[in-house]
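One structure is given below, encoded as structure tokens.
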Amino acid sequence: MTGQHSQRGVFIALEGGEGAGKSTQARLLAEALRERHIEVDVTREPGGTPGAEAIRSLLLDPPGEGWDASAEALLFAAARSDHVAKRIKPALARGVWVISDRFLDSSRAYQGIAGELGDDTIRVLHEIGSDGFRPDLTLLIEVPGADVAARLAARDGDQSDAIGGRNEEYHEAVAKGFRQIAARDPDDFAIIEGAGSAEDVHARILNALSPWLGASAQ
Ligand code: TYD
């Protein structure tokens, strides 16, 4: 029967601070995989399903005085729960590869570390929301702080959202948080040097994915 796959797809998350170029890299990676005849679904967090996109609006453009740290973390976990159940897991089961622009480790770095809720709290929320479901590989794109500031000024001007617009100290804690998270579980991460052109970064990503591509793209 057509449309059936015996092999599960591969789940790749792209992580990093603001302005690291994740969305561009998600697109370039999807194109490269499709050229290899791999079916790909590109998605993002918060969002990816109608319910999670509605929660995204609540998070990035909050009503009233905004959310406190735990309410914010719960909303991210709720959005992720819907995204995992309704989009990511079904796609993987069909043999489709999924690339998500941000996933759980954003909650660990932003809410857990920079927001000071702690890693255990974020893990518990993820257990409840998504059975602790993890990517096969997380690509952490690291960009020097000065480059990020320039990219963000070009992209957002003074229009940054409720979280992107937090102070420098918060975003430094996020960057440090991502490094700590990746250092703790090195097998689950590839750290990608984000300096240089989009094509340079893309080549580094393909290189990091070579173990998966070797098995699946022949
Ligand atoms: P987005 O516009 O997608 O940011 P970027 O282009 O930098 O990826 O907005 C997502 C924002 O939400 C971003 O500031 C990071 C934040 N975020 C968290 O704080 N926790 C999370 O779990 C996720 C997925 C995102």
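For the sequence shown, position 149 matches number 148 in numbering that gives the first Met the number 0, and the numbering has no gaps at all.
A virtual CB, placed ideally from N, CA and C, is assigned to each residue, including glycine.
Values in this document were obtained by computation on a predicted structure and should not be read as measured data.
Contact between the stretch 108 to 117 and the stretch 165 to 176 is present: three or more C-beta pairs spanning the two stretches fall below 8 Å. Residue side-chain check: A174 keeps its Cβ at 8 Å or more from all non-hydrogen atoms of the ligand TYD.
Annotation for Q24 indicates a beta carbon at 8 Å or more from all heavy atoms of the ligand TYD.
By the C-beta criterion, the stretch 200 to 209 is judged to be in contact with the stretch 19 to 29, since at least 3 inter-stretch pairs fall below 8 Å. Across the structure, Q6 and R93 are spaced so that their CA atoms are roughly 8 Å apart. Sequence-distant partners of F132 (beyond 5 residues in either direction) whose C-beta falls short of 6 Å from its own C-beta, in its chain, are V83. For R43, the secondary structure class from DSSP, reduced to helix, strand or coil, is strand. Under the three-state reduction of DSSP, I11 is assigned to strand.
Per DSSP, E167 lies in no beta strand (DSSP E); the unbroken alpha helix (DSSP H) holding it starts and ends at 167 to 183. Annotation: A31 is outside any beta strand (DSSP E); the continuous alpha helix (DSSP H) that includes it extends over 21 to 34.
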